[in-house]
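Numbering (this note's numbering), first residue to last: 1 to 169. Even glycine gets a Cβ: it sits at the ideal position worked out from N, Cα and C. Please read all numbers here as calculations on a predicted model, not as lab measurements. What follows is a short report on a single structure.
Take a look at the structure:
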């Protein structure tokens, strides 16, 4: 059996959703096991180091595979191709000279809540991850975290980010 077993668009879409869910589960189980063994602070630090690199590597490959250019529109296009963005279902609002990215649903944080675990501090990790991602797309893009755990946040949004072009000369 040498051929790929899926033949139509619906099956391929379902398979892609399956792959992305597996990606999320590996990340979640990895974090939970490191947290159990070494504590939350250590798990957060290790997680940050991994996601900093993933942001950079993913942006590099997305940029090459999908011919992504520079600027905010191209950042938005690249960001929506980032697997984690697809999993999280970020909302992007386009302003005249900036993008606002909101996260109304965060499966890792929501799962922790359901299991009676506290929120984990993901702000530092995502600042570094998104900064590296943005830098690969366009070195003039600046990422500003408006809030993310451990910050207080509205009940209907986990985090909010401002993406803008750095106009300093």
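Buried or exposed: which applies to residue i, given that a residue is buried once 16 or more other Cβ atoms fall within 10 Å of its Cβ?
{"i": "residue 133", "result": "buried"}
{"i": "residue 26", "result": "exposed"}
{"i": "residue 82", "result": "buried"}
{"i": "residue 4", "result": "exposed"}
{"i": "residue 112", "result": "buried"}
{"i": "residue 52", "result": "buried"}
{"i": "residue 156", "result": "exposed"}
{"i": "residue 42", "result": "exposed"}
{"i": "residue 144", "result": "exposed"}
{"i": "residue 22", "result": "exposed"}
{"i": "residue 75", "result": "buried"}
{"i": "residue 63", "result": "buried"}
{"i": "residue 117", "result": "exposed"}
Can you list, in chain order, the residues of its chain with a C-beta nearer than 7 Å to that of residue i? Leave out the 5 residues immediately preceding and following it.
{"i": "residue 48", "result": "124, 125 and 128"}
{"i": "residue 122", "result": "148 and 149"}
{"i": "residue 89", "result": "105"}
{"i": "residue 24", "result": "87 and 107"}
{"i": "residue 103", "result": "88, 90, 157, 158 and 159"}
Have a look at the DSSP bridge pairing and note the partners of residue i.
{"i": "residue 160", "result": "102 and 147"}
{"i": "residue 56", "result": "For residue 56, which the question treats as bridged, DSSP gives no partner whatsoever."}
{"i": "residue 141", "result": "165"}
{"i": "residue 46", "result": "DSSP, once it has assigned bridges, lists no residue as partnering residue 46."}
{"i": "residue 91", "result": "102"}
Less than 6 Å between C-beta atoms, sequence neighbours within five positions excluded: which residues of the same chain meet that for residue i?
{"i": "residue 98", "result": "162 and 164"}
{"i": "residue 55", "result": "129, 132 and 133"}
{"i": "residue 58", "result": "82"}
{"i": "residue 15", "result": "6"}
Less than 8 Å between C-beta atoms, sequence neighbours within five positions excluded: which residues of the same chain meet that for residue i?
{"i": "residue 66", "result": "77, 78 and 81"}
{"i": "residue 152", "result": "none"}
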